[in-house]
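Residue numbers (our numbering), protein chains in the order written: chain A, 605 to 714; chain B, 55 to 405. Worksheet: one structure, shown below.
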């Protein structure tokens with residue numbers, strides 16, 4: 605293994621079925637259903653996926669959902685707003701724990 | 055209006071030459087690793103690709119255009135002078151009069167810039183055939199002499215099909231030139247005012263979407279909803295249907311693909327997205343395409359690659375329906391553009 609990430613591996617995602625076909629089939633069917641037009645539009649789902657991709661920092665997902673968001677009719681502005689949502693939640697998640705820290709500090713100090 | 059680009063021909067670019075475009079399609083980046091279009095058709099019983107009864111005569115009345123879009127497969131623009139003569143139009147009318155072809159699809163360039171455009175429409179209309187005009191919208195506001203086009207279209211019940219790659223100015227202008235979105239909205243408002251795209255008017259106004267770059271178009275129904283919602287709420291305009299068209303890897307879009315380093319990946323995307331169901335319904339099967347000089351082709355893309363129909367009947371003046379019905383459609387690697395994903399045609403997605 606010469607590197608951990610190779611862009612070509614994204615196209616090989618389906619090959620995870622090689623080691624466990626039954627579970628892969630369930631996953632890909634469910635995955636397809638998740639992204640179908642529903643109460644949320646396909647464009648909204650793609651933008652959520654793009655935001656989550658940034659939160660979990662998955663390069664494959666960022667590659668895939670940057671393209672997919674454009675194909676579903678999202679604008680660059682919408683896509684960057686989605687990334688800010690991910691960043692805000694990540695930042696907020698750290699900061700809200702500041703309350704926990706304050707609780708602890710107040711517990712152990714005079 | 056600021057042009058998005060100038061024609062390959064004007065710039066003396068290698069890609070202005072159709073033979074060179076075919077060379078790129080055959081030998082370009084990673085081309086040798088891709089299957090041929092014929093290899094994909096054979097296992098599904100579509101090789102040779104045979105035509106069905108022709109229902110549409112698609113007539114390219116000239117390459118002159120007031121715009122010069124970056125993705126144009128015609129290499130059209132203000133500097134192009136190739137234009138169909140009234141004599142060739144008359145030959146098209148003669149063919150219509152002796153065949154059952156029900157629809158005439160007028161394209162260009164900006165077809166309205168042909169000085170005999172209105173004469174042609176009036177005579178097709180008199181033959182009782184349906185007429186589609188591929189109107190770029192901005193032509194309607196480009197010069198006072200075109201401002202009555204909406205009323206002229208309405209008089210002849212013309213089905214207006216207009217390119218609008220996005221419902222905002224940024225994406226539209228980057229592809230089609232500065233100010234195109236604003237002018238397009240003005241033209242759409244004028245079309246709406248005479249009844250186009252309005253409920254129960256019977257006057258059809260469809261929009262054509264194509265992606266801004268090396269991407270496949272998304273799902274047509276979902277994009278149509280977004281277009282309708284945005285154009286209505288932000289611009290107060292309405293239309294009937296949205297047609298999604300895949301950008302063909304020829305002419306100026308081919309130039310963009312090469313210059314941006316996306317060529318190999320785009321061709322791979324098209325090939326991997328080959329859809330056998332879309333292949334059944336490709337538009338070349340029910341369309342005959344006529345060039346500005348009267349030459350016959352299987353489609354507008356073959357026309358631009360100068361790949362004529364594979365039969366003896368190669369000119370509108372020698373139109374022989376029997377011979378044309380027996381021909382095999384000329385295919386090449388660009389055809390992957392029409393069979394990718396949900397498929398693509400001048401009427402939008404195929405599946």
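For each residue, glycine too, the CB sits at the ideal point set by N, CA and C. No experiment lies behind these values; they were computed from the predicted model shown.
Residue i versus the options, residue with shortest Cα-Cα distance
i                     : options                    : result
residue 344 (chain B) : B:89, B:337, B:362         : B:362
residue 240 (chain B) : B:370, B:378, B:192        : B:192
residue 376 (chain B) : B:79, B:149, B:124, B:80   : B:149
residue 122 (chain B) : B:61, B:109, B:237         : B:61
residue 162 (chain B) : B:373, B:113, B:108, B:86  : B:113
residue 184 (chain B) : B:405, B:211, B:91, B:198  : B:211
residue 677 (chain A) : A:624, A:646, A:611, A:629 : A:646
residue 151 (chain B) : B:175, B:182, B:170        : B:182
residue 129 (chain B) : B:179, B:360, B:400, B:274 : B:360
residue 205 (chain B) : B:247, B:236, B:89         : B:247
residue 146 (chain B) : B:132, B:171, B:167        : B:171
residue 245 (chain B) : B:271, B:230, B:267, B:215 : B:215
residue 105 (chain B) : B:400, B:333, B:405        : B:333
residue 199 (chain B) : B:167, B:186, B:213, B:188 : B:167
residue 374 (chain B) : B:300, B:86, B:107, B:100  : B:107
residue 237 (chain B) : B:189, B:299, B:325, B:300 : B:189
residue 274 (chain B) : B:404, B:390, B:120, B:101 : B:404
residue 270 (chain B) : A:608, A:636, A:671, A:618 : A:671
residue 659 (chain A) : A:697, A:703, A:618        : A:697
residue 437 (chain B) : B:357, B:367, B:342, B:392 : Missing from the structure shown is residue 437 (chain B); chain B here goes from 55 to 405 and no further.
residue 392 (chain B) : B:196, B:177, B:91         : B:91
residue 657 (chain A) : A:621, A:632, A:623, A:694 : A:694
residue 272 (chain B) : B:284, B:299, B:282        : B:299
Cβ shell of residue i (< 7 Å), same chain only, five flanking positions each side left out
i                     : result
residue 173 (chain B) : 140
residue 355 (chain B) : 127, 302, 304, 388
residue 369 (chain B) : 348, 349, 350
residue 614 (chain A) : 664, 667, 668
residue 109 (chain B) : 155, 156, 157, 340
residue 673 (chain A) : 650, 651, 654, 683
residue 379 (chain B) : 105
residue 203 (chain B) : 166, 194
residue 286 (chain B) : 292
residue 381 (chain B) : 105, 363, 364, 365
8 Å contact criterion, which residue i and residue j should meet: CB distance rounded
i                     : j                     : result
residue 651 (chain A) : residue 686 (chain A) : 4 Å
residue 221 (chain B) : residue 280 (chain B) : 7 Å
residue 263 (chain B) : residue 296 (chain B) : 6 Å
residue 169 (chain B) : residue 115 (chain B) : Not quite, the Cβ-Cβ distance comes to about 10 Å (not below 8 Å), so this is no contact.
residue 260 (chain B) : residue 207 (chain B) : Actually they do not touch by this definition, with Cβ atoms about 13 Å apart.
residue 59 (chain B)  : residue 124 (chain B) : 5 Å
residue 24 (chain B)  : residue 103 (chain B) : This structure cannot settle anything about residue 24 (chain B), because the visible part of chain B is limited to 55 through 405.
residue 322 (chain B) : residue 79 (chain B)  : Not quite, the Cβ-Cβ distance comes to about 13 Å (not below 8 Å), so this is no contact.
residue 232 (chain B) : residue 56 (chain B)  : 3 Å
residue 133 (chain B) : residue 64 (chain B)  : 5 Å
Cutoff 8 Å; reference residue i; Cβ partners in own chain excluding five residues on either side
i                     : result
residue 209 (chain B) : none
residue 309 (chain B) : 62, 67, 69
residue 638 (chain A) : 649
residue 401 (chain B) : 297, 337
residue 266 (chain B) : 219, 220, 225, 228, 229
residue 82 (chain B)  : 312, 317, 318, 321
Contact set for residue i: own chain, Cβ-Cβ below 6 Å, skip 5 residues either direction
i                     : result
residue 338 (chain B) : 352, 353, 383
residue 84 (chain B)  : 318
residue 186 (chain B) : 159, 213, 215
residue 699 (chain A) : none
residue 325 (chain B) : 88, 390
residue 242 (chain B) : 291
residue 178 (chain B) : 158, 185
The ligand HEM heavy atom lying under 6 Å from the CB of residue i
i                     : result
residue 698 (chain A) : Because no ligand of any kind appears in the structure shown, any question about the ligand HEM cannot be addressed here.
Is the stretch 305–322 of chain B close to the stretch 70–79 of chain B, with three or more CB pairs under 8 Å? yes
The stretch 316–327 of chain B touching the stretch 140–149 of chain B, judged by at least three CB pairs closer than 8 Å: The stretch 316–327 of chain B vs the stretch 140–149 of chain B: no contact.
Is the stretch 322–333 of chain B touching the stretch 389–401 of chain B in the sense that three or more CB pairs, one from each, lie closer than 8 Å? The stretch 322–333 of chain B and the stretch 389–401 of chain B touch, with three or more beta-carbon pairs separated by less than 8 Å.
Is it a yes or a no for the stretch 699–708 of chain A touching the stretch 206–221 of chain B, going by three-plus beta-carbon pairs under 8 Å? Verdict: no, contact absent.
Just by C-beta distance, which residues in the stretch 667–686 of chain A are closer than 7 Å to chain B? Within the stretch 667–686 of chain A, those residues whose Cβ lies closer than 7 Å to any Cβ of chain B are, in chain order, 671, 674, 675, 676, 677, 679.
For the 8 Å Cβ check, are there 3 or more pairs between the stretch 145–159 of chain B and the stretch 128–137 of chain B? no
Quick one: any contact between the stretch 89–96 of chain B and the stretch 675–692 of chain A, if contact means 3 or more CB pairs under 8 Å? no
Taking only beta carbons into account, state which residues of the stretch 622–651 of chain A come closer than 8 Å to chain B, listed in chain order. 641, 645, 646, 647
Could you list the residues in the stretch 272–283 of chain B with a C-beta less than 9 Å from some C-beta on chain A, going in chain order? 272, 273, 275, 276, 277, 279, 280, 281
Can you give me, in chain order, the residues of the stretch 104–122 of chain B that have a beta carbon less than 8 Å from any beta carbon in chain C? No chain C appears in this structure, whose protein chains are A and B.
Note down, in chain order, all residues in the stretch 220–231 of chain B with a beta-carbon under 9 Å from any beta-carbon belonging to chain A. Of all residues in the stretch 220–231 of chain B, 220, 221, 222, 224, 225 have a Cβ within less than 9 Å of some Cβ in chain A.
Residues of the stretch 238–267 of chain B whose Cβ lies closer than 9 Å to any Cβ of chain A, in chain order: 263, 265, 266, 267
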